[in-house]
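**Student:** So that we are looking at the same thing, I have put the structure below in structure tokens.
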Amino acid sequence: MAYATDIETATPGALAKSAHLDDAHVGDIIGAFGTIARHDTERRIAWKHRLQTLLAILGPGLIVMVGDNDAGAFGTYTQAGQNYGTALLWTLALLVPVLYVNQEMVLRLGAVTGVGHARLIFERFGKFWGAFSVVDLFLLNALTIVTEFIGIALALDYLGLPKSVGVPLSALLIVTAVSTGNFRRFERFAMGLVFASLLLVPIYFMAHPPLAQVARDFVVPQLPSEGKLSDVMLLIIAIVGTTVAPWQLFFQQSYVVDKRITPRFIRYERLDLWIGIALVIIGAVAMMAFTAAVFAGKPEFGNFTDAGGVAAGLEKYAGKAAGVMFAIALIDASLIGAAAVSLSTAYAIGDVFSLRHSLHRKPGEAKGFYAIYALLIALAAALVLTPGAPLGLLTNAVQTLAGVLLPSATVFLLLLCNDKPVLGPWVNPRWLNYFTGAVIGGLVLLSIILTASVLFPEATNEQVILAILLGGGGAGLVVSMAAMMLDRRGGKAHAPASLDAAQGLRASWRMPPLEELAPAKLSLAAKLWMGVLRLYLVVAGGLVLVRIATLALGGE
Numbered sequence: 117m118a119y120a121t122d123i124e125t126a127t128p129g130a131l132a133k134s135a136h137l138d139d140a141h142v143g144d145i146i147g148a149f150g151t152i153a154r155h156d157t158e159r160r161i162a163w164k165h166r167l168q169t170l171l172a173i174l175g176p177g178l179i180v181m182v183g184d185n186d187a188g189a190f191g192t193y194t195q196a197g198q199n200y201g202t203a204l205l206w207t208l209a210l211l212v213p214v215l216y217v218n219q220e221m222v223l224r225l226g227a228v229t230g231v232g233h234a235r236l237i238f239e240r241f242g243k244f245w246g247a248f249s250v251v252d253l254f255l256l257n258a259l260t261i262v263t264e265f266i267g268i269a270l271a272l273d274y275l276g277l278p279k280s281v282g283v284p285l286s287a288l289l290i291v292t293a294v295s296t297g298n299f300r301r302f303e304r305f306a307m308g309l310v311f312a313s314l315l316l317v318p319i320y321f322m323a324h325p326p327l328a329q330v331a332r333d334f335v336v337p338q339l340p341s342e343g344k345l346s347d348v349m350l351l352i353i354a355i356v357g358t359t360v361a362p363w364q365l366f367f368q369q370s371y372v373v374d375k376r377i378t379p380r381f382i383r384y385e386r387l388d389l390w391i392g393i394a395l396v397i398i399g400a401v402a403m404m405a406f407t408a409a410v411f412a413g414k415p416e417f418g419n420f421t422d423a424g425g426v427a428a429g430l431e432k433y434a435g436k437a438a439g440v441m442f443a444i445a446l447i448d449a450s451l452i453g454a455a456a457v458s459l460s461t462a463y464a465i466g467d468v469f470s471l472r473h474s475l476h477r478k479p480g481e482a483k484g485f486y487a488i489y490a491l492l493i494a495l496a497a498a499l500v501l502t503p504g505a506p507l508g509l510l511t512n513a514v515q516t517l518a519g520v521l522l523p524s525a526t527v528f529l530l531l532l533c534n535d536k537p538v539l540g541p542w543v544n545p546r547w548l549n550y551f552t553g554a555v556i557g558g559l560v561l562l563s564i565i566l567t568a569s570v571l572f573p574e575a576t577n578e579q580v581i582l583a584i585l586l587g588g589g590g591a592g593l594v595v596s597m598a599a600m601m602l603d604r605r606g607g608k609a610h611a612p613a614s615l616d617a618a619q620g621l622r623a624s625w626r627m628p629p630l631e632e633l634a635p636a637k638l639s640l641a642a643k644l645w646m647g648v649l650r651l652y653l654v655v656a657g658g659l660v661l662v663r664i665a666t667l668a669l670g671g672e
């Protein structure tokens, strides 16, 4: 089958009005399981044709969601199960709508604009926020990739394989899979890793957790009776941070652009996202449930060490096969996590600096893009193999910085999805803005608790946490009511009725080239909140980095 590029499929002058920054981002959709021609406008009426279209679109949602169940997630979910049983399963249910809303907004941005997340922030909010988004993404992603290789090393240790060989081979595999210059080949590799993540399901059945209790704890919120509130809150924050991470926003938007998905296929991409969310929740529930069942009543209960200790415990109490499958699943999760996180960074830098950045291009055609990707992987693998490297500190740093930075990423996402020159008839409906605003408020509260616990671990007790939650909740309620009153006073729906009514126009509407966009118009309230956000990020992020540096140097 011939792999069409934009040069092969575009009509003369077709790119004149395109916002795409790389002409490889325009052309046929070439997925792991099918192809859709660029000019295919046929209506999908029969179920067979709809299924074929879905199979061709599948990929972005599945990869970003399963990539989210990476090495850090393995540690966080199994820690929750080993230390508190299934009492925190309900946090996963609460995160389902948050996951969908956040990722649906970025897939919509990608399909409609044809431009990555970092470049849109740069163009619409200025150089400061554009540079900030790239620098913090680069720093956080670099640390996250290190945790992926820590996961690989732990799994290799359990399997009795030398990490001095296994870690470099894993890095070589990750780089090679991305660097073929063939989008379909990479996506098939990634989808193979996605399906391998289902290894967690048989472990669940081997551990025999009580199904009724698992179902009840998934829908009934509670706090573990045997844990300190401060420890439980930090673990809940870790669950949120590992399930809803900033890199996911940048990756999915850019990957949708690179896969050449257009607005007329957004419904199929939303279904792809839902399937990915289902897989990530199945994996997370399985890990919490089988660790809770295996360690219940055992000396190891409440004494989590790391994912390697979980594998050993599974072997001890559920059989060798369970431990081996868990270790293999950990390697699989680390591979797809490292690939997706590295790609999100390479895509963002390519976007901002207008480099060629597409998996449709061979390494010789996009040297900067592939060099950034390979460099991140190589540095992370080398650091994990370096004797005496503070790997535990780096893992904690990832969770802390992710918690501090996540609210800002969601704020920019919300503002972009209400930018009419950018999204036209695809801007957010009012209810979605209210929901996302509530999510941002919750993330800010959790971020404040996390920052306080890192900076003042002894002082952040139950009373302080409750004060932050109650005070922040009250302030959030007042702000929400004021925002709703101002919004109703404005009285206008976001999208013009004529555009919403014209479904055909909505399906074909694309953002014009960046240089033709009307200037971004931020309200006084938006400017004020962005100023507050800047101050918070500078203070909280700076203090957290100082604390991490102090610990690294052996301070108290």
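In my numbering, each number is its position in the sequence shown, counted from 1, plus 116.
For every residue, glycine included, the Cβ atom is placed at its ideal position computed from N, Cα and C.
Whose CA, out of 303, 239, 177, 255, lies closest to the CA of residue 151?
**Tutor:** The option with the nearest alpha carbon to residue 151 is 303.
**Student:** Please go through the same chain and pick out, in chain order, the residues whose beta-carbon is closer than 7 Å to the beta-carbon of residue 422, but skip the five residues on each side of it.
**Tutor:** 191, 270, listed in sequence order.
**Student:** Measuring CA to CA, which of 204, 389, 319, 239 is closest to residue 336?
**Tutor:** Selected option, being the one with the closest Cα: 204.
**Student:** What is the DSSP secondary structure of residue 150, reduced to helix, strand or coil?
**Tutor:** If DSSP states are grouped into helix, strand and coil, residue 150 belongs with the strands.
**Student:** Within 10 Å of its beta-carbon, does residue 117 have 16 or more other beta-carbons around it, so buried, or fewer, so exposed?
**Tutor:** Because residue 117 carries a pLDDT of 32, less than 50, the predicted location of this residue cannot be relied on, and no value is offered for it.
**Student:** How far does the alpha helix (DSSP H) with residue 377 in it extend, from its first residue to its last?
**Tutor:** Where residue 377 is concerned, there is no enclosing alpha helix (DSSP H), given that its DSSP letter is neither H nor E.
**Student:** If you draw a straight line from the C-alpha of residue 120 to the C-alpha of residue 387, how long is it?
**Tutor:** With a pLDDT of 34 at residue 120, under the threshold of 50, the predicted position of this residue should be treated as unreliable, though the coordinate-derived value follows. Each residue's Cα considered, the two are about 25 Å apart.
**Student:** Run the CB neighbour count on residue 608, radius 10 Å, all protein chains shown included, and call it buried at 16 or more, exposed below.
**Tutor:** Confidence at residue 608 is low in this model, with a pLDDT of 48, below 50, so its placement is unreliable and no value can be given for it.
**Student:** Please classify residue 240 as buried or exposed, where buried requires at least 16 other C-beta atoms within 10 Å of its C-beta.
**Tutor:** The residue in question, residue 240, is buried, as its Cβ has 16 or more Cβ neighbours within 10 Å.
**Student:** Within 10 Å of its beta-carbon, does residue 161 have 16 or more other beta-carbons around it, so buried, or fewer, so exposed?
**Tutor:** Exposed, because fewer than 16 other Cβ atoms sit within 10 Å of the Cβ of residue 161.
**Student:** Report the residue from 159, 189, 230 whose alpha carbon sits nearest the alpha carbon of residue 625.
**Tutor:** That would be 230, whose Cα lies nearest to the Cα of residue 625.
**Student:** Please work out which residues of its chain come closer than 7 Å, Cβ to Cβ, to residue 172, disregarding the five sequence neighbours upstream and downstream, and give them in chain order.
**Tutor:** Result list for residue 172: 145, 147, 149, 150, 151, 152, in chain order.
**Student:** Exposed or buried, which one is residue 547 when buried takes at least 16 other CB atoms within 10 Å?
**Tutor:** The residue in question, residue 547, is exposed, as its Cβ has fewer than 16 Cβ neighbours within 10 Å.
**Student:** Taking contact to mean at least 3 C-beta pairs separated by less than 8 Å, is the segment 217 to 237 in contact with the segment 625 to 635?
**Tutor:** At 8 Å Cβ cutoff, the stretches touch.
**Student:** Select from 356, 426, 414, 433 the residue whose C-alpha is nearest the C-alpha of residue 397.
**Tutor:** Of 356, 426, 414, 433, the residue nearest in Cα terms is 356.
**Student:** According to DSSP, is residue 391 helix, strand or coil?
**Tutor:** Helix.
**Student:** Just verifying my parser: in three-state terms, what is the DSSP assignment at residue 145?
**Tutor:** The answer is strand: DSSP assigns residue 145 an E or B state.
**Student:** Return the chain-ordered list of same chain residues with a C-beta closer than 8 Å to the C-beta of residue 325, the five sequence neighbours on each side being excluded.
**Tutor:** 202, 405, 406, 408, 409.
**Student:** Taking the alpha-carbon positions, what's the residue 174 to residue 390 distance?
**Tutor:** Approximately 11 Å, taken between the alpha carbons.
**Student:** Exposed or buried, what is residue 614 when buried is set at 16 or more other beta-carbons lying within 10 Å of its beta-carbon?
**Tutor:** Confidence in residue 614 is poor, its pLDDT being 45 and thus under 50, which makes the residue's placement unreliable; the coordinate value appears in the next sentence. So residue 614 ends up on the exposed side.
**Student:** Whose CA, out of 584, 193, 475, 585, lies closest to the CA of residue 292?
**Tutor:** Comparing Cα-Cα distances from residue 292 to each of 584, 193, 475, 585, the minimum goes to 475.
**Student:** With a cut-off of 8 Å, do at least 3 Cβ pairs link the segment 240 to 258 to the segment 338 to 353?
**Tutor:** Output reads no: the segment 338 to 353 does not touch the segment 240 to 258.
**Student:** Quick check: what's the CA-CA separation for residue 565 versus residue 143?
**Tutor:** Those two C-alpha atoms are separated by around 47 Å.
**Student:** Kindly list the residues whose CB is nearer than 7 Å to the CB of residue 581, restricted to its own chain and excluding five residues on each side of it in sequence; keep chain order.
**Tutor:** Excluding sequence neighbours, residue 581 sits near 345, 346, 349, 565.
**Student:** Who are the near neighbours of residue 272 in its chain, counting only those whose CB is closer than 6 Å to its CB and skipping five residues on each side?
**Tutor:** Only 279, 282 meet the Cβ criterion.
**Student:** Could you pull out every unbroken beta strand (DSSP E) segment of at least 3 residues lying fully inside the segment 164 to 245, listed in chain order?
**Tutor:** DSSP runs (the beta strand (DSSP E)) wholly in the segment 164 to 245: none.
**Student:** Looking only at C-alpha atoms, which of 563, 530, 631, 569 sits nearest to residue 219?
**Tutor:** Taking only the C-alpha atoms, the option nearest residue 219 is 530.
**Student:** Have a look at residue 674 and residue 341 and give me their C-alpha separation to the nearest angstrom.
**Tutor:** Lying before the first or after the last residue shown, residue 674 is absent from the chain, which here runs from 117 to 672.
**Student:** For residue 414, which of helix, strand or coil comes out of DSSP?
**Tutor:** Three-state result, residue 414: coil.
**Student:** Tell me which same chain residues have a C-beta within less than 6 Å of the C-beta of residue 305, skipping the five on either side of it?
**Tutor:** The answer, listed in chain order, is 293.
**Student:** If residue 238 sits next to residue 450, beta carbons under 8 Å apart, how far is it from one beta carbon to the other, in whole angstroms?
**Tutor:** The pair is not a contact, with the Cβ atoms about 31 Å apart (cut-off 8 Å).
**Student:** Can you give me the start and stop residues for the alpha helix (DSSP H) that residue 572 sits inside?
**Tutor:** Segment: none, residue 572 is in no alpha helix (DSSP H) and carries neither H nor E.
**Student:** Is the segment 432 to 450 touching the segment 249 to 260 in the sense that three or more CB pairs, one from each, lie closer than 8 Å?
**Tutor:** These segments do not touch.
**Student:** Pairs of beta-carbons, one from the segment 367 to 383 and one from the segment 304 to 318, closer than 8 Å: are there three or more?
**Tutor:** No contact exists between the segment 367 to 383 and the segment 304 to 318.
**Student:** Would you kindly report the start and end of the unbroken alpha helix (DSSP H) that includes residue 338?
**Tutor:** Segment: none, residue 338 is in no alpha helix (DSSP H) and carries neither H nor E.
**Student:** Please classify residue 485: does DSSP put it in a helix, a strand, or coil?
**Tutor:** Correct three-state label for residue 485: helix.
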